[in-house]
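Asker: Just so we're aligned, residue 449 is where the sequence shown starts under this note's numbering, counting upward by one. Ideal Cβ placement from N, Cα and C applies to all residues, glycine included.
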Amino acid sequence: MIYLHLGFVSDNAIPEFVGWGTMSPKDTSRRSGRWTASATAAIGIVGAAIYLGVEPAPYAATTSEYFPAHAPATATAPAALWSGATSSYTLGRWTEPITDVRFHFEHPRPSSTSIADAIIVYGRALPARIQTKKWHYTSINTRDHFIAIAVVSLQYLSPMFVYVVDKATMEKWEYGAMLPGSYGVEFAASSVDPATCTSVASVNLRMCFQDNAWRMSATSIPLTSSEDRSSVRPFSFELTMLPGEPLILSFPLANDIMRPSYVHKGAGYAVHGTYSFGSVDTTIATAVPALGTIDWTKSLALHRTEWNWVSSTFVADDGTAVGINLSRRVYDVDGASQENAIWLDGIVCVLGAVTFDVPEDGMTQAWRIRSVDGVGAVNLTFVPGGARQERLNVLNVLRSDFVQPYGRFTGKISCTGSDRISRTVDMHDAFGVVEDHFALW
């Protein structure tokens, strides 16, 4: 039997109400601990149900009052996201990761022998626990294939997927699962924590930051063809992605300084290693690497969340390794997403606001992504070659409308870096993805 695990409740939180009899102090302590775990589990289930059932009110727009939207990204990040000394979060944008990304309720509290006190402390932190969402997304653009890997924690559910696109035929091969609670799923403590990994036990998937690189592996994941559901190919890989300069955000969602989203973005990073897809083995040499991206996010997410997103990596005409990350509607200040950026040979250059012209049929028709200010720093057209989509609706309480078309970009992006030098990159059939996502979670 599989017990539902809500992510913030112990797997062993199974109530026992029979056979108490006469117990030793040790037995009493054990039973007391189990009762406390059972009570907190019950509170968690009820709290999650109430939270998901409440229609969200309109959210305040985040302003530059709390987030330095018009300042460049800072080179030196704080050591910790939460300061116990000031009882506040550090908010801002940096070009190095924060190592301690624990939220306020995750820091140790004075221990208490009182069951009532333990339940009260747990109950006070319950809303933030339910709001906590985490995901680790990585894509790798090789000569022949586009590979996407994602692991998500919603606390009460853990979706994951892996897919491979044959770039010559645009055929997609995919494996996906919806795991209850966090059953068989582990998340790294941070995007760069060397002691922990993000993993999914059922498919032997691991993504770890070790020896200053992301090391990703999996064994024989069964990928099913989007064109022939009876056709399955095993997919295994041992890949290493070397980090470049990141773009890090600690962003106050809905202008709430106690509701941060910690975001680690990077693109155009060198990837080498081996992978096996079906009967074909591929080696990616260090001298001629593939290019990868990372999106590692830990967020006290808004109940109603929506966004558009662009991600692409490619080699420019002059040999520059290029990565692109653009978004709208999730980390915006004054209409400009604070995570918009382009990477040139691993160095990040921050961009301004963009608008997405999403067609009625986003899986087959062209998208347009352009600068809002009219200067023309971003002017892209995306033509889908296929898509990954997901429609989840549980009593209209838990919803996810997700579509991630994959295909090719044409156009140009211009950016002025911290060195005040302007650069323009032309895109010719550059492979990547766009995304349109609405969630009640």
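Output the distance between the C-alpha atoms of residue 738 and residue 687, rounded to the nearest integer angstrom.
Answerer: Cα to Cα, residue 738 sits roughly 10 Å from residue 687.
Asker: Below 8 Å on the Cβ atoms is my guess for residue 623 versus residue 669; work out the distance and round it to an integer in Å.
Answerer: Yes, residue 623 and residue 669 are in contact; Cβ-Cβ is about 5 Å, under 8 Å.
Asker: To which residues of the same chain is residue 718 closer than 6 Å at the C-beta, ignoring the five residues directly before and after it?
Answerer: 690, 737.
Asker: How far does the beta strand (DSSP E) with residue 819 in it reach, from first residue to last?
Answerer: Here the beta strand (DSSP E) through residue 819 covers 815-819.
Asker: Is it buried or exposed, residue 726, if we count other Cβ atoms within 10 angstroms and call 16 or more buried?
Answerer: Result: exposed.
Asker: Would you decide whether residue 876 is buried or exposed? Buried here means 16 or more other CB atoms lie within 10 Å of its CB.
Answerer: With fewer than 16 Cβ atoms within 10 Å of its Cβ, residue 876 is classed as exposed.
Asker: In terms of residues, what are the limits of the beta strand (DSSP E) holding residue 648?
Answerer: Element bounds for residue 648: 645-648.
Asker: In angstroms with no decimal places, state the Cα-to-Cα distance between residue 537 and residue 513.
Answerer: About 14 Å.
Asker: So within the stretch 657-716, which uninterrupted beta strand (DSSP E) runs reach at least 3 residues, ignoring any that extend past its ends?
Answerer: Complete beta strand (DSSP E) runs here, min 3: 662-673, 680-689, 695-700.
Asker: Considering only their Cβ atoms, is the gap separating residue 788 from residue 773 smaller than 8 Å?
Answerer: Yes, the Cβ-Cβ distance between residue 773 and residue 788 is below 8 Å.
Asker: Output the boundary residues of the beta strand (DSSP E) element that contains residue 860.
Answerer: Per DSSP, residue 860 belongs to the beta strand (DSSP E) from 846-864.
Asker: State whether the stretch 522-538 contacts the stretch 794-811, with contact taken as three or more CB pairs (one from each stretch) at a distance under 8 Å.
Answerer: The answer is no - the stretch 794-811 does not touch the stretch 522-538, with fewer than three Cβ pairs under 8 Å.
Asker: Here's the rule I'm using: 16 or more other beta-carbon atoms within 10 Å means buried, otherwise exposed. How should residue 616 be labelled?
Answerer: Residue 616 comes out exposed.
Asker: What are the boundary residues of the beta strand (DSSP E) that residue 639 is part of?
Answerer: No beta strand (DSSP E) contains residue 639, which DSSP labels as neither H nor E.
Asker: Give the DSSP-derived three-state secondary structure of residue 651 in the structure shown.
Answerer: Three-state DSSP puts residue 651 in a helix.
Asker: By alpha-carbon positions, which one of 506, 742, 661, 679 ends up nearest to residue 619?
Answerer: Nearest option by C-alpha distance: 679.
Asker: Taking DSSP's pairing of strands, which residues face residue 785 in a bridge?
Answerer: 780.
Asker: Using a Cβ-Cβ cut-off of 6 Å (strictly less than) and excluding sequence neighbours within five positions of residue 746, which residues of its own chain qualify?
Answerer: Excluding sequence neighbours, residue 746 sits near 549, 582, 710.
Asker: State the DSSP-derived secondary structure class of residue 622, mapped to helix, strand or coil.
Answerer: The answer is strand: DSSP assigns residue 622 an E or B state.
Asker: In three-state terms, what does DSSP make of residue 576?
Answerer: It is helical.
Asker: Note down the Cα distance separating residue 611 from residue 621, rounded to an integer number of angstroms.
Answerer: Roughly 5 Å separates the two Cα atoms.
Asker: Take residue 805 and list the residues in its own chain whose beta-carbon comes closer than 8 Å to its own, dropping the five residues that flank it on each side.
Answerer: Around residue 805: 815, 816, 817, 818.
Asker: Check the C-beta distance from residue 676 over to residue 657 and give it rounded, since I have them as a contact under 8 Å.
Answerer: About 37 Å separates the two Cβ atoms, so there is no contact after all.
Asker: Under the DSSP definition of a beta bridge, which residues are partnered with residue 838?
Answerer: In DSSP, residue 838 forms a bridge with 850.
Asker: Buried or exposed, going by whether 16 or more other CB atoms sit within 10 Å of the CB of residue 836?
Answerer: Classification for residue 836: buried.
Asker: Quick test of your reading: residue 629 and residue 647, contact by CB under 8 Å. State the CB separation rounded to the nearest angstrom.
Answerer: About 15 Å separates the two Cβ atoms, so there is no contact after all.
Asker: In whole angstroms, what separates the C-alpha of residue 854 from that of residue 870?
Answerer: Computed Cα separation, rounded: 29 Å.
Asker: Quick one: grab the DSSP three-state call for residue 551.
Answerer: The answer is coil: DSSP assigns residue 551 none of H, G, I, E or B.
Asker: For residue 562 and residue 552, I'd like the C-alpha separation in whole angstroms.
Answerer: C-alpha separation (whole angstroms): 22 Å.
Asker: Can you round the beta-carbon distance between residue 546 and residue 742 to whole angstroms, since I take them to be within the 8 Å contact cut?
Answerer: Not really, about 15 Å apart at Cβ, beyond 8 Å.
Asker: Could you tell me if residue 843 is buried or exposed, where buried requires 16 or more neighbouring beta carbons within 10 angstroms of its beta carbon?
Answerer: Exposed, by the Cβ-count rule.
Asker: Can you give the Cα-Cα distance for residue 593 and residue 880, rounded to whole angstroms?
Answerer: Their backbone Cα atoms lie some 11 Å apart in a straight line.
Asker: Relative to the C-alpha of residue 722, which residue among 713, 714, 715, 734 is closest?
Answerer: Nearest option by C-alpha distance: 734.
Asker: Using only CA atoms, which one of 661, 515, 793, 643 lies nearest to residue 770?
Answerer: When each option's Cα is compared against that of residue 770, the closest is 793.
Asker: Roughly how many angstroms separate the alpha carbons of residue 821 and residue 515, rounded to a whole number?
Answerer: For residue 821 and residue 515, the distance between alpha carbons rounds to 21 Å.
Asker: So which of 856, 859, 845 has the shortest CA-CA distance to residue 886?
Answerer: Nearest C-alpha to residue 886: 845.
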